[in-house]
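Structure record follows, encoded as structure tokens.
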Amino acid sequence: MNRRETKQQINRRDFLHSATAAGAGLALSRGALAQANSSRKPDDINIALLGAGEQGKVLMEDCRKIPGVRFKAVCDIWPYNRKWISRRLRAYRHEHNTYVDYRDMLDKEKDLDAVIVATPDFWHADHTVACLEAGLHVYCEKEMSNTLESARKMVQAARRTGKLLQIGHQRRSNPRYVFC
């Protein structure tokens with residue numbers, strides 16, 4: 002297969018969009034939650050978005066299309082990002098709260114099932130470990146962490162808490178990208 006054939010079959014933007022939606026959907030699907038906690042079969046999956054920048058916007062738009070997924074909280078340090086996401090979620094009838102500090106969100110939001118971490122990569126470990134320790138499943142954007150030690154802490158927290166942790170590595174192992 003040459004590059005020209007690859008481009009005709011699928012373009013980069015479409016692939017990334019589909020892979021991100023599929024990864025987040027799998028991480029937060031009812032089946033995954035039921036497998037992790039078989040005694041609970043919720044009608045809705047209540048999630049929070051931690052990091053409402055460009056990648057957070059993409060993930061929110063993709064995940065809101067999954068039946069039963071409800072955004073209950075948004076956390077970002079930038080007012081513009083919080084307001085933009087909030088307007089979109091209100092338009093989609095997702096009742097939610099907004100936060101500047103993720104610790105406040107974790108303290109106050111008691112009905113969450115999972116969190117999407119879409120903050121800058123140097124925050125991924127701290128945010129992910131805190132969410133796992135709060136009893137939440139986590140989908141974390143790539144890159145997992147910027148240090149091996151922090152990545153190991155994330156894995157250890159997932160094992161210790163028994164919660165699901167998925168890292169979005171769409172382009173890392175796809176043969177089309179390896180080929181290029």
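For what it's worth, the working numbering labels the leading residue of the sequence shown as 2, then goes sequentially.
Think of the CB as a built atom: it goes at the ideal place given N, C-alpha and C, for glycine as much as any other residue.
Keep in mind the model is a prediction, meaning the values are calculated, not measured.
CB contact flag (residue i, residue j, <7 Å)
i    : j    : result
R65  : Y93  : yes
L113 : L137 : yes
G169 : E144 : no
M99  : R88  : Correcting the residue type first, residue 99 is Thr in the shown sequence and not Met. No.
A119 : Q56  : yes
Residues near residue i by beta carbon distance below 7 Å, same chain, minus five either side
i    : result
S39  : Since pLDDT at S39 reaches only 40, below the 50 mark, its modelled position is unreliable, and the value read off the structure follows with that caveat. Excluding sequence neighbours, S39 sits near nothing in its chain.
R160 : none
M155 : A126, T129, V130, M145, S146, L166
Cα-Cα separation, residue i to residue j
i    : j    : result
Q157 : P121 : 21 Å
W79  : Y103 : 13 Å
P68  : L60  : 15 Å
G163 : K58  : 28 Å
K111 : Y81  : 26 Å
Nearest neighbour of residue i, chosen from the options [CA to CA]
i   : options         : result
K73 : Y81, A49, V116  : A49
D45 : R88, H95, A53   : H95
A53 : R161, I86, M155 : I86
H97 : K164, N47, M155 : N47
Sequence-distant residues of its chain with Cβ nearer than 6 Å to residue i (five each side left out)
i    : result
A135 : L107
C76  : L51, Y100, Y103, M106
S146 : H125, A126, A152
Touching by the beta-carbon criterion (3+ pairs, under 8 Å), the segment 130–149 and the segment 100–116: Contact holds: three or more Cβ-Cβ distances are below 8 Å.
Any contact of the segment 117–125 with the segment 136–153, i.e. 3+ C-beta pairs under 8 Å? yes
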